[in-house]
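Protein chains in written order, with the numbering used here: chain A, 1 to 504; chain B, 1001 to 1348; chain C, 2001 to 2321. Some notes on the structure that comes next.
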Amino acid sequence: MVSPFCWGCLTRLRPTPRTLLPSPSSVSRGPAFHTSAVFHAGLRPGSGRGATAVSKFRQPSNASMKKRKKPVEKSRPPPVGERKAIRKRIVLSNPNALEVEGLQELSEETMVDSRLHGTALALPVPMLDQLRAVQAFKPNQGWSIFRRPCTILRQETLQLGRFFDKVSGDGEHKGPFVKKKIISGPSKSGKSVLLLQAMAMGFIKKWVVFTIPEAQELVSATSSYAPLSEEQPHLYVQNEATAALLSRTVVANKAVLSKLRVSQDHPALSAVTPGMTLEGLANLGVQDPASAWTVFQALWGELTATAAAPGLEKNFTPRPPILVTVDGLGHWMTESKYRDAEFKLVHSHDLVLVRHFLRLLKPGGDQPALPNGGALLYATSTTMNPPSVYAFDLILKRAAARAAGFKFNDPRFPRAEAYSNIDPRVLEALTSQKSKHAQEKKLGHQVLGGVTHDEARGFMEYFARSGLLQETISDEWVSEKWTLAGGGVIGELERIGRRLRVAA
Amino acid sequence: MIVRQLYSRQGRQLLSVNRQASILRRFQSTETQTPTTTVETAVKVETEEPVIPVPTESALDNSTSSDSIRLAATEAFSRQRQNVKNFKKLGSVVRNKYWPDALIENPPLPSQITLELLLANQTHLGHSTSRWNPSNSQYIFGIRDGIHIISLELTAAYLRRAAKVVEEVAALGGLILFVGTRQGQKHAVVRAAELTGGYHVFDRWIPGSLTNGNEILGSCDRKVVNAFDEELPEWAERLESRGSLKPDLVVCLNPLESTVLLHECGLNNVPTIGIIDTDADSTKVTYPIPANDDSLRSVSLIAGVLGRAGEAGQRRRFESAKRGVLGYRSVSLGKKDVAERPESEDAA
Amino acid sequence: MAWSSSNCVVHAMQSIRSPTVLRALLPQQSAARPNILRKVSLLPTPLQQRTNVRNYATELQPGEVQAAAEIDFEQFKARPARIVPVSPSYFSGIPKFYDHLLQIERLLAQHTTLPTVPPSEAPRRAWMKIAQFREHLGEEVPTKKYMGLLKVVYRLNCIDPKLLPAEVDAALQEFVRPGNPLGEKPKPRELDGMGRARGKGKRKESHAVVYLVEGEGEVLVNGKTLNEVFPRVHDRESATWALRCSARLDKYNVFARVKGGGTTGQAEAITLALARALMIHEPGLKPILRKAGVITVDPRRVERKKPGHMKARKMPTWVKR
């Protein structure tokens, strides 16, 4: 038999391009003969496992074809920042709500008047700008459903008002008293509003008000930071945040600061002139954030001065008391989100601003924290998902135990658990020692709970008088709402009142 | 469930219903009406509550007031019954009505068996010819409308023979078991067993009741009786060592379904009487009765006749016992029992 | 053959036999020798034998032979004749059950024309559970058969209680659970030594225990305030609905422990427990609470998922190929 090939053809054969040949793996998968099916299966695009994929029993194989595609949104998203602006917008007036007749304003007289206990007091209209400047209002506090912002004069407010009266009043007990207090409590119990009331009283009494409205913002790594100096590389300064603080303080306390003049030497600040007002001093920091921390230190030094530096006596006037409020203290009790050069987390207490305000809180320092008197009100917060810090919780428990009358030696006094990983810096920062100064008291702790029945009644009556409730307010009705609000938690009461309005 | 939850589910319907207004009112921010009972009034209500005699179950027994209520109710009921009875006589009179229970409650005697009676009770109707069992050829009279007709003379003869068997077994103190497990045969089976003084199974024959009787019937109570069927408790302890009882005669009303029973009877040498329809195997039973086994009337008639026969046998046994004659071999229960009587001629 | 033909021999034999016969009869007459166990003496056999014997009057001395003794039926009665089953249902395997069934069916047939009351008005009796009934009879009664029996029992129980015959009542008592839990009212619960009322409630998967004391309307659930446990106001209202609908919200303090389930279940479990505890304080509130629906137990539970279904009832989409 003659071979069908001719040698000429064979010699002219070219090697097949490698891409057309089956890959070695696909060939070796099947048996050595009858490889054509395997070959084709390997070549077929998209068949990952060859022809072995059999439809499963009762599996809806083509059900997915019926799936409808989601309609594509054609409208454009709002411009950058608009959503946040809407979210953060604070509306303080509802023109549809009734004007409450006979509403009293918060003033020097009304804030200590115990006859007004449990009634709603309006915030003075001129003060609203100041309060807005210090960001005292929060968007979720329900200011937008009433005609004008009002707060309930509750027992804690009255106590606070009496303290303000004592510090800057005319009575014989006048003196540079200092109140240091951590305010805690369940969520919606009115901690932030209590701070707001304190600020309003501070503005009424012409105090200088420093506020940190969101303590979290200082530690959440959302603003710039830098090492303080080469000598102290572990400390960090936040210039923008400090400038913002100065700006808030200047706008809110313009009336007070513009009357005070620089009375100390400030070698670090070349721009300071001797006759400058403190407002001008603070504005230096606002205009130049790089020097904000220095300016803040200078301002603080001016405000806490009890006497003028030599040569500057003519500029010295007695400094007013200072109110410092911090909302969300819990965020400061752990490591911040900032990183150091070695990419380790920076502890919150290494940020100079935080360190400054926490050092004020600690009693028993060499110098009084506020020589001219004042109040340090630091509130915890539950709304912003605060970190749970064991050391801080322990401190609060101990403060509560101390308030309940337990001595340190008492077995019921709270102790740290043996194997708890407790943060020594937090313990050290807040442990209350015996105060060396007569005007200073120990670090106080106030647990804000629900309002009493009378206060709840006043609150609900304010709702009714604003036209939000069409109920006749009776004691039974109020006590029912009081129970539903978890024992008079004021935020819940507000929610219930608002809910009834919607349902009506 | 809290009632107000209805609101969210069926709000539209409830809105139209006025009586639910109190529930709805709480969803409006107006004053809700709340029941204003106070603690004091609640206590008062308890004390002021008049005592109403409620005829409770416990009060029925010993309180005089409930007795009087009961008496009055009984009187009223009997008066009403009397009225019904009086008025029933008025109007048309229904005669010669068929009373289904009559055949069961008062069955005919074996001597009263007539072909008319059998015919009237449908005993002659066999099955479709295609379902014929050839062993029955001798009993079949003919074919009509595609079904076999059973010869009534033979039925009567076999029925009389079976009645004789039942009577003799009853007279000799045998245990007669009536089995009819078909739907509706219960009444007839129980009645026949009652007449015969025998035993009945109307629900399900538990397989192995004869072949594995000690397991299945071991826990069921037995007793020792004398010739008058009076219990002798002093012999009771001797029973424990003895096995379970077996029937001396089994009357099966549905041999077609009772194959297991008939098989067990065959294994244990227990004679059987069965109603053999044209589709049944007549060799499965000892004494066949060719008849229709699908008609309840036919079955009731046959069971009744056999029951009457058994009744007669029992009567004979008691009469002989009264004469002091034990017509059968007595049971031997150990050494107290002396020599057996040679007199029992044909004990079962 | 020589024997039979010889008369004198026959006569001689007769004369020999007659004394033996008499001798055999003698022991029966002597009262001094009681032989009660000898069955022979009871039976009429000697009489029959004697009838076969041909006697000659001349051979018998008058006065020597006396009439046979009377049949002693007492002995006859004491003699065991047969072993029979106690019950006619012996061969069914569960004779006691069938005896009960036949008895109450007979009663029903007998009293079927008596007037009845609706089942809701029939006297409440706690019937035996199947396990109890089995233990009571000592027989393995199938559940289905017992249910069939109970149907007849229910029907008999519906006979107007004022006309219920005594025999039916006695027969029904056979099936009542020992102690008759429904018949006697449970002891009313009371406050404990510290003035607390305790109530339990269940709903869905949640269990709640409520301690109710007089107070000002404070509510603690698992040591937390109401708003912490129930973020929804609706749930808070549910939980306190018993107090709300009876206007007692400001008169009691509530301490509740609740576990299991979700928020709705927990809230409504507290509702039930609270209402029960409130009824201990003030039993007079029961109609109000009943009307408000807070002491009605909701027995619904999540329906189980079935094989072949995607949820309890949902089936996968049917695809042709």
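We treat Cβ as the ideally placed atom computed from N, Cα and C, and that holds for glycine.
- Looking at the DSSP output, CYS150/A sits in a beta bridge with ALA122/A.
- At a cut-off of 8 Å, the C-beta of THR1074/B has a neighbouring C-beta in chain C.
- Annotation for HIS1124/B: no alpha helix (DSSP H) segment contains it, and DSSP assigns it neither H nor E.
- Apart from the 5 residues on each side of it in sequence, ILE422/A sits with its Cβ closer than 8 Å to the Cβ of TYR390, ALA391, LEU394 and ALA416 in its chain, given in chain order.
- Under a criterion of Cβ atoms nearer than 7 Å, the residues of chain A adjacent to GLU2237/C are, in order, LEU484.
- Not one beta carbon of chain C lies nearer than 8 Å to the beta carbon of GLY1091/B.
- Bridge pairing for PRO1107/B: absent [DSSP].
- Annotated as distal: LEU1118/B and HIS1127/B, with beta-carbon spacing of 8 Å or more.
- Here THR383/A really is in contact with SER187/A; their C-beta atoms are around 7 Å apart, less than 8 Å.
- For the pair GLY190/A and LEU153/A, the CB atoms are not nearer than the 8 Å cut-off.
- Residue-level contact check: PHE2175/C does not touch chain B, since none of the beta carbons of chain B fall below 8 Å from its beta carbon.
- Interface residue (Cβ-Cβ distance to chain C less than 8 Å): LEU1232/B is classified as such.
- Here DSSP, grouped into helix, strand and coil, assigns ILE1140/B to strand.
- Look at the segment 465 to 479 of chain A: the residues with a C-beta under 8 Å from a C-beta of chain C are ASP475, GLU476 and SER479.
- Rounded to whole angstroms, the gap between the alpha carbons of PRO2142/C and ASN1212/B is 20 Å.
- Residue burial is scored here from C-beta neighbours: HIS347/A has at least 16 other C-beta atoms within 10 angstroms and is therefore classed as buried.
- The beta carbon of LYS2202/C lies closer than 6 Å to those of ALA2269 in the same chain, with the five residues before and after it left out.
- Using a CB distance cut-off of 8 Å, LEU2278/C does not count as an interface residue toward chain A.
- Excluding five sequence positions before and after ASP2250/C, the CB atoms of its chain that fall closer than 8 Å to its own CB belong to GLU2216 and GLY2217, given in chain order.
- Annotation: the continuous alpha helix (DSSP H) that includes PHE1318/B extends over 1296 to 1322.
- With a cutoff of 8 Å on beta-carbon distance, VAL2294/C and ALA2242/C are scored as near each other.
- Taking the CA atoms as reference points, ASP1293/B sits about 45 Å from GLU2121/C.
- In the structure shown, the three-state DSSP call for TYR225/A is coil.
- With fewer than 16 other Cβ atoms from the protein chains shown falling within 10 Å of its own Cβ, PRO2299/C counts as exposed.
- Beta-bridge partners of CYS1220/B (DSSP): none assigned.
- Three or more beta-carbon pairs drawn from the segment 2071 to 2080 of chain C and the segment 1228 to 1246 of chain B are found closer than 8 Å, and the two stretches are therefore classed as touching.
- ASP1221/B is classed as exposed because its beta carbon has fewer than 16 other beta carbons within 10 Å across all chains shown.
- Within the same chain, CYS2158 come within 8 Å of PRO2118/C by CB-CB distance, once the 5 residues on both sides are set aside.
- The way I'd put it, the segment 465 to 482 of chain A does touch the segment 89 to 104 of chain A; three or more beta-carbon pairs between them come closer than 8 Å.
- About 5 Å separates the CB atoms of VAL478/A and ARG457/A; that is less than 8 Å, so the two are in contact.
- When secondary structure is reduced to three states using DSSP, LYS1088/B falls in the helix class.
- Between VAL2213/C and TYR2154/C a beta carbon distance of about 44 Å is seen, past the 8 Å cut, so the two are scored as non-contacting.
- The three-state reading of DSSP puts LEU2220/C in strand, counting E and B together.
- Following the DSSP letters along the chain, one finds SER184/A inside the beta strand (DSSP E) bounded by residues 178 to 184.
- Assigned with DSSP and collapsed to three states, THR334/A falls in coil, not helix or strand.
- In this structure, DSSP gives SER2206/C an extended state, which the three-state scheme calls strand.
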